[in-house]
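For the sequence shown, position 39 matches number 53 in the working numbering, and the numbering has no gaps at all.
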Amino acid sequence: MDDHHCTVNEKAWDLEVDRGNHWTIPVDGKSIAEAREGRIAMTLTPNRPVPSSWCDMIGHEVLALASGGGQQGPLLAASGRDVTVLDLSSRQLEQDERCARANGLTLRTVKADMGDLSAFEDESFDTVVNPVSLNFHPDIDKVYRQVHRVLRPGGVFMFAIANPVMYMFDVKALERGRMRIRYTLPFSSEKSLSQRQRRHLVDSGDTFEYSHSLESIIGGVCRTGFVIRDFYSDTSDFEPVDSFVNDCYFAMLCIKTDDFAG
């Protein structure tokens, strides 16, 4: 598999910083102050905060994987964790670095694709935190394997992903309040769109996205060697499909184990 998605999505997310995308806006000073006191208002999905019981399981050495610019990384650093942020976008990493400097925090940033964690040795982290971003990578199993490798035994992997059904619909029709199914699943920007559509997507600075199947999302994480400990869903509050689907996003809390690794 080539890395064309990396080239497209790197440029697209650099542009999203200028566009003020929800996932590029750093947290405010109040949130940092609360995190210093142990109250971490962190999100993996657009709206619902991560449950406090999940936050209590976050270990000391944390990898914020393809996370929001200036969001999860600084919050976790403020809570006293040793944080490394990995992202494909230089501009997103700059948001983390800027937020950290402004609040007197220390964190490390690494520029790389989320499917390539070769910068880290085996069992380097206690926890991997991954907000909604798996939909920007074509090989979810590759990401799972890399996360499993860099986590210590019993390590925590918390991540979120879009409900695959969100990729079935004609977006323009949804904006007019009409539900029109247009794409088969799993959706892939590289395979589901025409050459003209892909060219327009690239020219307009949009991302390549991949819906993934429920089997690959849920079965894949189990086969890699994780046990799903908890789960919740969320709406987006900004997607037209919200009018038709309540569970727009899934969040999972997983524990590393080799018992079920295939």
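Virtual Cβ for every residue (Gly too), placed ideally from N, Cα, C.
Nothing here was measured: the structure is a model prediction, and the numbers come from that model.
The Cβ-Cβ distance between L121 and T141 does not fall below 8 Å. Cβ neighbours of L77 within its own chain (closer than 6 Å, five residues either side excluded): T98, F139, V142. Contact between the region 167-179 and the region 222-237 is present: 3 or more CB-CB pairs across the two stretches fall below 8 Å. Just so you know, the alpha carbons of S247 and T238 end up roughly 22 Å apart. Around the Cβ of E51, a 10 Å sphere holds fewer than 16 other Cβ atoms; the residue is exposed.
Distance from G73 to S81 at the Cβ level is roughly 16 Å; contact not present, criterion being Cβ atoms closer than 8 Å. Between the alpha carbons of A126 and G83 lies a distance of about 14 Å. Using a Cβ distance threshold of 8 Å, A26 and G219 count as a contacting pair.
According to the DSSP secondary-structure assignment, D96 is paired through a beta bridge with E75.
In the structure shown, F150 falls within a helical segment according to DSSP collapsed to helix, strand and coil. Ranked by Cα distance from F134, the first of R33, T198, E75, Q109 is E75. Measuring C-alpha to C-alpha distances from V41 to each of D17, D184, E111, R212 identifies E111 as the nearest. The DSSP-derived three-state label of L58 is coil. Annotated as proximal: V22 and V216, with beta-carbon spacing under 8 Å.
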